[in-house]
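Protein chains in written order, with full-length UniProt numbering: chain A, 1 to 336; chain B, 1 to 336.
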């Protein structure tokens, strides 16, 4: 691939599965390049074939090791695999991702495996916006399975995991009782639980707590009940069983119509995020930095922020229909 | 305070500093209640007096202990203090906040101290939107200092810390070398570094690494150079020195015009977030869930998301100027 940035050329090469073009396209996503719009349009038709599996869980639970073990198991089946490691919490955990990549190096020379990390470039909500784009690239490139691993621990990671067809929530013994580790939003997004480091003390208690929690959750008839798998990913133990549960969930998704529903919901979020990014750009373009600064100075001096917002919304015709550009061109919140 | 929800009554009581009204107003912020708009308008004029200090840093670094020590030191001076503990990463760390509150209990009966936690209610970007609102409530209630403590570790926490006038980044020995712990976004937002647990092995190395990093950062003439303070917050050591550095930074902010600039930038972000929340509401109202579902189904079936976004933007007159409602009425990303 040459160094020229030509959307049609990139699309053609991604569709042929050329690694360098795939890497280039993901970089364009990461940088919210203007070229993206054309690339996404070119790739859209070819997407929708890959199985997308999300992995999330607290730090130290063994996400990268589990991802690596799943890659090995899928390769044994002859499937091609792409790994997208997403790190929304780069400011404090910037070192983790590099370590993950090193641990993944056993797959680095395998042409059936593509590993890529993606970090926030500082735009607010940037990764929620970028993740579906990057997944479309990897999907259209023909990978059978795409594993999305989130590195951090917050709400953002949960949101990113929600871009998957199937979400694996990892727990480990001794990291707080299972109920606490898997409370709130995590139970809602978990399709499969993996209790990793299951050779450690307390693993039984963690499994028991999770089982109880899953049993207590309300569930309609025919609704999926998240299974709990014990793994020692570093030794490859339980990984085949985990893969089997992932297969069963994939069957459930197809059979129940849930796959279609999930993909539609994700598409809706993606389109909404593009619409809002476009509107934000227009807001800035219409009022100019000076106009926004003037309104902001009024609010900072004790003005009502809602009246200020209304003023921006009613001044001029900036919110009128017109065309859409790509990328969340959001300023960094800590830009001073 | 009675149970009735009346904006004028709440505003009056918050302005008198009545605790129950303050707590109620923060709850209304947390729940993005429709009443908020009127309350914010009523409080705006009285805000802008409090000094707002943000505390952030990785888990285990001693944020709550440091917050507690700062509260004690400020109380000794006779200042009233509000603490807002913000937890954007509730899904995995839901237990942490409770523990933090318990550790704060020594101040629980002090009428000069108000402690409140605020968690994400599941709306995307909800806390970036809610934090300036909650700060306005505490500010208008007349607290001399408001400490904003973030519980998590990600980009969201950094963004929340950026709502402060002065941001303290906490580090601790043995949590990765100082440079790694404080890389990227953290250096940009840190006004003061505190190396907590400074009685532990490796504290000197952490301070040295931070000092080197601060020395290497580019800085214009007259620009603030973040000082590095060693603390053992659990024993109250170094806390007076930390407070002294916070005072000096406050002087710098006032003297350099930086305070005004920071507050204006934050106001601009707040107004923009209100505008975008309003536009998102209109988008949903204009097209209906069915309309958005139809467009999303097309994208999920291989349609181009940008063309779909454009279709939504050009259909109808939903983006036309009109009035603004309060709150980010965003659906949870994992709602299925």
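Each residue gets a CB set at the ideal place from its N, CA and C atoms; glycine is no exception.
Residue 79 of chain B vs residue 145 of chain B beta-carbon contact at 8 Å: Walking along the second chain from the start, residue 79 of chain B turns up at place 79. Walking along the second chain from the start, residue 145 of chain B turns up at place 145. Contact: yes.
Cβ distance (whole Å) where residue 196 of chain B is taken to contact residue 231 of chain B below 8 Å: Numbered from 1 along the second chain, position 196 holds the residue referred to as residue 196 of chain B. Numbered from 1 along the second chain, position 231 holds the residue referred to as residue 231 of chain B. Rounded, the Cβ-Cβ distance is 5 Å, consistent with contact.
Helix, strand or coil at residue 35 of chain A [DSSP, three-state]: Position 35 of the first chain, counted from the first residue, corresponds to residue 35 of chain A. Looking at residue 35 of chain A - three-state DSSP - the assignment turns out to be coil, as it is neither helix nor strand.
For residue 213 of chain A, the first and last residue of its enclosing alpha helix (DSSP H): On the first chain, residue 213 of chain A is found 213 positions in, with the first residue counted as 1. Where residue 213 of chain A is concerned, the enclosing alpha helix (DSSP H) stretches over 203-216.
Supposed contact pair residue 29 of chain B and residue 207 of chain B - C-beta distance, whole angstroms, cut 8 Å: Here residue 207 of chain B refers to the residue found at position 207 when the second chain is read from its first residue. Here residue 29 of chain B refers to the residue found at position 29 when the second chain is read from its first residue. The Cβ separation is near 38 Å, so there is no contact.
Inter-residue spacing [alpha-carbon to alpha-carbon] between residue 64 of chain A and residue 149 of chain A: For the purposes of this step, residue 64 of chain A is taken as the residue at position 64 of the first chain. For the purposes of this step, residue 149 of chain A is taken as the residue at position 149 of the first chain. Answer to the nearest angstrom: the Cα atoms are 8 Å apart.
Cβ distance (whole Å) where residue 238 of chain B is taken to contact residue 300 of chain B below 8 Å: What you label residue 238 of chain B is simply residue 238 of the second chain in a count that begins at 1. What you label residue 300 of chain B is simply residue 300 of the second chain in a count that begins at 1. No, residue 238 of chain B and residue 300 of chain B are not in contact; Cβ-Cβ is about 56 Å, not under 8 Å.
Terminal residues of the alpha helix (DSSP H) in which residue 194 of chain B lies: As a position in the second chain, residue 194 of chain B is number 194, starting the count at 1. Counting along the chain, residue 194 of chain B falls outside any alpha helix (DSSP H), though it belongs to the beta strand (DSSP E) covering 192-195.
Cutoff 7 Å; reference residue 308 of chain B; Cβ partners in own chain excluding five residues on either side: Within the second chain, residue 308 of chain B is the residue found at index 308, counting from 1. Cβ within range, chain order: 295, 298 and 299.
Under 8 Å between C-beta atoms of residue 227 of chain A and residue 254 of chain A: Here the question's residue 227 of chain A lines up with position 227 in the first chain. Here the question's residue 254 of chain A lines up with position 254 in the first chain. Cβ distance not < 8 Å, so residue 227 of chain A and residue 254 of chain A don't count as in contact.
Buried/exposed call for residue 235 of chain B, threshold 16 Cβ in 10 Å: The residue you call residue 235 of chain B lines up with position 235 of the second chain. Only exposed fits residue 235 of chain B, as fewer than 16 other CB atoms lie within 10 angstroms of its CB.
Reduced DSSP secondary structure (H/G/I, E/B, other) of residue 54 of chain B: Position 54 of the second chain, counting from 1, holds the residue named residue 54 of chain B. Note: residue 54 of chain B maps to strand in three-state DSSP.
Backbone CA spacing between residue 10 of chain B and residue 21 of chain B [nearest angstrom]: As a first step, residue 10 of chain B must be located in the second chain, where it is residue number 10. As a first step, residue 21 of chain B must be located in the second chain, where it is residue number 21. The alpha-carbon atoms of residue 10 of chain B and residue 21 of chain B are separated by roughly 6 Å.
Any C-beta of chain B under 8 Å from that of residue 292 of chain A: On the first chain, position 292 is the one that residue 292 of chain A refers to. At least one chain B Cβ lies under 8 Å of residue 292 of chain A.
Cβ pair residue 233 of chain B, residue 62 of chain B closer than 8 Å: Residue mapping note: residue 233 of chain B aligns to position 233 of the second chain, counting from 1. Residue mapping note: residue 62 of chain B aligns to position 62 of the second chain, counting from 1. Yes.
Candidates B:270, B:275, B:67 and B:188: closest to residue 216 of chain B by CA position: Reading the second chain from its first residue, position 216 is the one you call residue 216 of chain B. It is B:188.
Proximal residues to residue 174 of chain A (C-beta, below 6 Å), its chain only, five neighbours per side dropped: Sequence index remark: in the first chain, residue 174 of chain A carries index 174 (1-based). Around residue 174 of chain A: 202.
Continuous beta strand (DSSP E) stretch holding residue 119 of chain B: start and end: Here residue 119 of chain B refers to the residue found at position 119 when the second chain is read from its first residue. Unbroken beta strand (DSSP E) run through residue 119 of chain B: 113-119.
Interface partners of residue 230 of chain A on chain B, CB under 7 Å: Indexing the first chain from 1 puts residue 230 of chain A at position 230. Within chain B, no C-beta atom comes nearer than 7 Å to that of residue 230 of chain A; the closest sits roughly 20 Å away.
Alpha carbon of residue 289 of chain B to alpha carbon of residue 265 of chain A, nearest angstrom: As a first step, residue 289 of chain B must be located in the second chain, where it is residue number 289. As a first step, residue 265 of chain A must be located in the first chain, where it is residue number 265. Distance between the alpha carbons of residue 289 of chain B and residue 265 of chain A is about 11 Å.
Helix, strand or coil at residue 149 of chain B according to DSSP, with G and I counted as helix: For the purposes of this step, residue 149 of chain B is taken as residue 149 along the second chain, with counting starting at 1. In this structure, residue 149 of chain B counts as strand in the three-state DSSP scheme.
Beta carbon proximity, residue 45 of chain B to chain A, threshold 8 Å: What you label residue 45 of chain B is simply residue 45 of the second chain in a count that begins at 1. True, the Cβ-Cβ gap to chain A drops below 8 Å.
CB contact below 8 Å: residue 307 of chain B versus chain D: Absence of chain D from the displayed structure is noted, the protein chains being A and B.
C-beta atoms of residue 39 of chain A and residue 86 of chain A nearer than 8 Å: By one-based count along the first chain, residue 39 of chain A stands at place 39. By one-based count along the first chain, residue 86 of chain A stands at place 86. Contact flag unset, no.
8 Å Cβ cut-off: residues of chain B touching residue 14 of chain A: Sequence index remark: in the first chain, residue 14 of chain A carries index 14 (1-based). Chain B residues near residue 14 of chain A: none, gap ~15 Å exceeds 8 Å.
Per-residue contacts from residue 278 of chain A into chain B (C-beta, under 8 Å): Residue mapping note: residue 278 of chain A aligns to position 278 of the first chain, counting from 1. What residue 278 of chain A touches in chain B: 309 and 313.
Cα-Cα separation between residue 141 of chain A and residue 305 of chain A, rounded to whole angstroms: Locating residue 141 of chain A in the first chain gives position 141, where the first residue counts as 1. Locating residue 305 of chain A in the first chain gives position 305, where the first residue counts as 1. When rounded, the distance between both Cα atoms is 46 Å.
Pair within 8 Å by beta-carbon distance, residue 240 of chain A and residue 73 of chain A: Mapped onto the first chain, residue 240 of chain A falls at position 240. Mapped onto the first chain, residue 73 of chain A falls at position 73. In this structure, residue 73 of chain A lies closer than 8 Å to residue 240 of chain A by Cβ.
Nearest candidate by alpha-carbon position, reference residue 26 of chain B, set B:16, B:53, B:76 and B:118: Your numbering for residue 26 of chain B matches position 26 in the second chain. The shortest Cα separation from residue 26 of chain B among B:16, B:53, B:76 and B:118 belongs to B:118.
Inter-residue CB distance, residue 283 of chain B and residue 272 of chain A (contact presumed, cutoff 8 Å): Residue numbering aside, residue 283 of chain B sits at position 283 when the second chain is read from its first letter. Residue numbering aside, residue 272 of chain A sits at position 272 when the first chain is read from its first letter. Their Cβ separation, rounded to whole angstroms, is 7 Å, which keeps residue 283 of chain B and residue 272 of chain A in contact under 8 Å.
7 Å Cβ shell around residue 14 of chain A - same chain, five flanking residues per side excluded: By 1-based counting over the first chain, the position of residue 14 of chain A is 14. Excluding positions up to five away in sequence, the list reads 21, 22, 25, 43, 137, 140 and 141.
Local Cβ density within 10 Å of residue 114 of chain A, reported as buried at 16 or more and exposed below that: The sequence position of residue 114 of chain A within the first chain is 114, counting from 1. When all chains shown are included, residue 114 of chain A counts as buried.
Whether residue 55 of chain B touches residue 66 of chain B by CB criterion (8 Å): Counted from its first residue, the second chain places residue 55 of chain B at position 55. Counted from its first residue, the second chain places residue 66 of chain B at position 66. Contact flag set, yes.
Cβ of residue 366 of chain A within 8 Å of any chain B Cβ: In this structure chain A extends from 1 to 336, so residue 366 of chain A is not present and cannot be described.
Contacts of residue 40 of chain A in chain B (Cβ-Cβ under 9 Å): Position 40 of the first chain, counted from the start, is the residue given in the question as residue 40 of chain A. Correct list: 304, 305 and 306.
Buried versus exposed call for residue 37 of chain B [16 or more other C-beta atoms within 10 Å across all chains shown]: Within the second chain, the letter at position 37 stands for residue 37 of chain B. Answer is buried; the Cβ neighbour count reaches 16.
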